[in-house]
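Residue numbers (my numbering), protein chains in the order written: chain S, 18 to 349; chain V, 18 to 349. The beta-carbon is built from N, C-alpha and C at its ideal position, and this holds for glycine as well. In this text the structure is predicted, and so the values were computed from the model without any measurement.
There are 2 protein chains.
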Amino acid sequence: MGGDSAPRETVKGALAAAREYDLEIAIVGDPEAIESELTRAGGAPKNLSVVPASDAIAMDEKSVVQAVQRRRDASINVAMALLKQGQAQAVVSAGHTGAIMASAYFRLGRIPGIERPALGTLLPFNEGKVFLLDVGANPDCKPAYLVQFAHMGAAYMEKVVGIANPRVGLLNLGTEDNKGSELVQEAYPRLRDSSLNFVGNVEGVEVHKGVADVVVTDGFTGNIGLKVGEGIADYILEQVRSVIKSSPLFIAASLLLKPALKRALKRLQYDEYGGAQLIGVNGVVVIAHGRSDANAIKNAIRIAHMASESDLLTAIAESAAPSPRLAGAALP
Amino acid sequence: MGGDSAPRETVKGALAAAREYDLEIAIVGDPEAIESELTRAGGAPKNLSVVPASDAIAMDEKSVVQAVQRRRDASINVAMALLKQGQAQAVVSAGHTGAIMASAYFRLGRIPGIERPALGTLLPFNEGKVFLLDVGANPDCKPAYLVQFAHMGAAYMEKVVGIANPRVGLLNLGTEDNKGSELVQEAYPRLRDSSLNFVGNVEGVEVHKGVADVVVTDGFTGNIGLKVGEGIADYILEQVRSVIKSSPLFIAASLLLKPALKRALKRLQYDEYGGAQLIGVNGVVVIAHGRSDANAIKNAIRIAHMASESDLLTAIAESAAPSPRLAGAALP
């Protein structure tokens, strides 16, 4: 029920995933609204079912945490309950980020040793091979949280994306190790002395170059960096479109270029990379962008499936257990 | 002497500014190197002179603060001394940002009431009418600093860019007033209760939309947001270029589109908007991008001139004096 274009695009995305992948999909929400969209789309295949939920948290909900705590029949809570009970292996939602996080914390709990779950996202650079976290779950962080984020991000890139020994970088103002805020100055030596493949500081302008597979930062900075970047990408496309429209010759030339531009821009679409991953909770939870269309939902389902089939949760739990981490640092 | 392409591009930019604007320009640095570039460029007009400096702080200097304190004949120190003595009205440099800031702090001092000078920059949106600060001078901030940044930014937009009663926004994760880090949650009511035209929180994805004329943030977040955005803009251009090159048809079409793309991209160039302003020190100091070409240097000189002709420093001093600010809040 969540997202700017729900339930239509959500249902279409779920249908596309059910047809394309070998998965069982349950759509959780208002059964009438969902059935009506399914009928419009030509009916549901056998591997797609509807789980009714009589309530839903709105995108502009006030006091989200309270709403999630009190309204048990909200669709996000019903979906998390399926995951908790083992009837589902992953939850995907394009709803209110705060509501999804709250529902996951309450229903699933944290992985032992992880103080703060984080939101991570694959960036649309280098074919989606840069993972940035935290992008908004924790506006205020301690150095220890950044180290935990780093371990979780490395586990994600290794287990879900399949990059061996992923390089971890710390987002910072400069590359020298004495740069930046107190937070990053304190996190730096801890990362350096950890068992991680730590490659040092990464500047904002270097993130897209793939100098690190995992880029770690606090949730405030990560959110601003991600969103400013998204805004700038939108702005560039708007500018190019508006100038092209100013002349028939430009319009004609741009038609010839369309396939090229489409291919270039596809590489830049956040939609292709499955939304944000809430990691550190006891279950696979993927948060699709609020403005997700069917394709974005389908991709979010695909990546949630990949995560649920992987050893991600075990790997995070192992990285968070104090003894192997300390021992790891001393291994050859 | 500072910048990736110094002294050639610096000298060419200074020459272009001397020819185009009604200004006296002094180029400070190694006289032989400068004279040789001037000769190569066809000689200096009467309003351009050379002030010798026997030393220079390198771009990769270690212990910059110490270097600036000890090496009095470094070109940045000689330039700041001209400003301090009233022989110059502004300093422009494309050198090491830390060195320029340190030299300005030591030579010029702060404007009374300003605890921390900040780096501000006009963003390449809405024809350069969005001013973001701090973009890197203060990685750790207190709420009071953000309020001072807001006043300085508003003074800049009003006095230098000519926007009456500029709208001030606080960069944040969401638009609700209880969002974000402790820092912004504490800064929010102070900004709301100030004499500023405060328009509330601005999300990362909204910055480019011109919802505020001044966007305030701490120097860590501001730097990351600015640099991630710069990286993404570069990346998009690279992607488009590489796809276009993949086919002769695309190359032909792109030649037709070149003027359109050039016009669109010009609006996105940071170079057009004169680099970063160091505000809060007792003098006009403009820091051009390290990779500045002659055009960027010329624009930095132009905006430094505009700032020095304006009442910027007085306006900042007035905004920082406690009584007018408090009284201002009570005015109709």
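| Item | Value |
| --- | --- |
| DSSP state of residue 70(V), grouped into three classes? | coil |
| So with CB distances below 7 angstroms, who are the chain S contacts of residue 225(V)? | 248, 249 and 252 |
| Give a single yes or no on whether residue 237(V) has its beta carbon closer than 8 angstroms to a heavy atom of the ligand MN. | Summarising the ligand content, the structure contains no ligands, and the ligand MN is consequently not present. |
| Within the 9 angstroms Cβ cut-off, does residue 347(S) reach chain V? | Only weak support exists for where residue 347(S) lies, its pLDDT of 44 falling under 50; the coordinates are left without a value. |
| Identify each residue in the stretch 148-167 of chain S for which the Cβ-Cβ distance to at least one residue of chain V is less than 7 angstroms, and report them in chain order. | 153, 156 and 157 |
| Which residues in the same chain as residue 50(S) place their Cβ atom closer than 6 angstroms to its Cβ, once the five residues preceding and following it in sequence are excluded? | 24 |
| Could you run through the stretch 190-207 of chain V and flag, in chain order, every residue whose CB is less than 7 angstroms away from some CB of chain S? | 190, 197, 198 and 199 |
| Pull up the distance between the alpha-carbon of residue 177(S) and that of residue 137(S), whole angstroms please. | 13 angstroms |
| Quick one: which chain V residues come within Cβ less than 7 angstroms of residue 81(S)? | Those within 7 angstroms of residue 81(S) in chain V number zero; the least Cβ separation is about 10 angstroms. |
| Taking only three categories from DSSP, how would you classify residue 131(V)? | coil |
| Could you name the residues that DSSP lists as bridge partners for residue 253(V)? | DSSP lists no partner for residue 253(V). |
| Please determine if the stretch 326-339 of chain V and the stretch 185-201 of chain V are in contact, where contact requires at least 3 C-beta pairs separated by less than 8 angstroms. | no |
| Which chain S residues sit within Cβ distance under 7 angstroms of residue 260(V)? | 277, 280 and 281 |
| Are the stretch 92-106 of chain V and the stretch 64-80 of chain V in contact at 8 angstroms, needing three or more beta carbon pairs? | yes |
| So which residues of chain S does residue 270(V) contact, with C-beta pairs closer than 7 angstroms? | 270, 273 and 274 |
| Using CA atoms only, rank isn't needed, just tell me which of 134(V), 277(V), 257(V) and 280(V) is closest to residue 12(V). | Here chain V has residues from 18 to 349 only, and residue 12(V) is not among them. |
| Which two residues bound the contiguous beta strand (DSSP E) that contains residue 220(V)? | 214-220 |
| Taking only the alpha-carbon atoms, compute the straight-line gap between residue 188(V) and residue 248(V) and give it to the nearest angstrom. | 20 angstroms |
| Please tell me whether residue 144(S) has its Cβ less than 9 angstroms away from any Cβ of chain V. | no |
| Which residues in chain V have a C-beta closer than 7 angstroms to the C-beta of residue 211(S)? List them in chain order. | None at all; the shortest Cβ gap to chain V is about 22 angstroms. |
| Can you tell me whether DSSP reads residue 138(S) as helix, strand or coil? | strand |
| Using a beta-carbon distance cut-off of less than 9 angstroms, what residues from the stretch 319-333 of chain V approach chain S? | none |
| What residue range does the beta strand (DSSP E) around residue 110(V) cover? | 107-110 |
| List, in chain order, every chain S residue whose beta-carbon is nearer than 7 angstroms to that of residue 368(V). | Within the shown structure, residues of chain V are numbered from 18 to 349, placing residue 368(V) beyond reach of any answer. |
| According to DSSP, is residue 204(S) helix, strand or coil? | helix |
| Mind checking residue 39(S): buried by the 16 CB within 10 Å criterion, or exposed? | exposed |
| What are the start and end residues of the alpha helix (DSSP H) that includes residue 100(S)? | 92-101 |
| How would you label residue 238(V), buried or exposed, when you count the other beta carbons within 10 angstroms and need 16 or more for buried? | buried |
| For residue 86(V), return the contacting residues in chain S, with the cut-off set at a CB-CB distance below 9 angstroms. | Simply none; closest approach about 17 angstroms. |
| Please list, in chain order, the chain S residues whose beta carbon lies closer than 7 angstroms to that of residue 240(V). | 190 and 221 |
| Please list the terminal residues of the continuous alpha helix (DSSP H) segment that includes residue 337(S). | 329-337 |
| Is the beta carbon of residue 250(V) sitting closer than 9 angstroms to the one on residue 253(S)? | yes |
| For residue 186(S), name the three-state secondary structure that DSSP assigns. | strand |
| On the premise that residue 152(S) lies in contact with residue 243(S), defined as a C-beta separation below 8 angstroms, what is that separation, rounded to the nearest angstrom? | 5 angstroms |
| Of all the CB atoms in chain S, is at least one closer than 9 angstroms to the CB of residue 294(V)? | no |
| Pull up the distance between the alpha-carbon of residue 80(S) and that of residue 292(V), whole angstroms please. | 42 angstroms |
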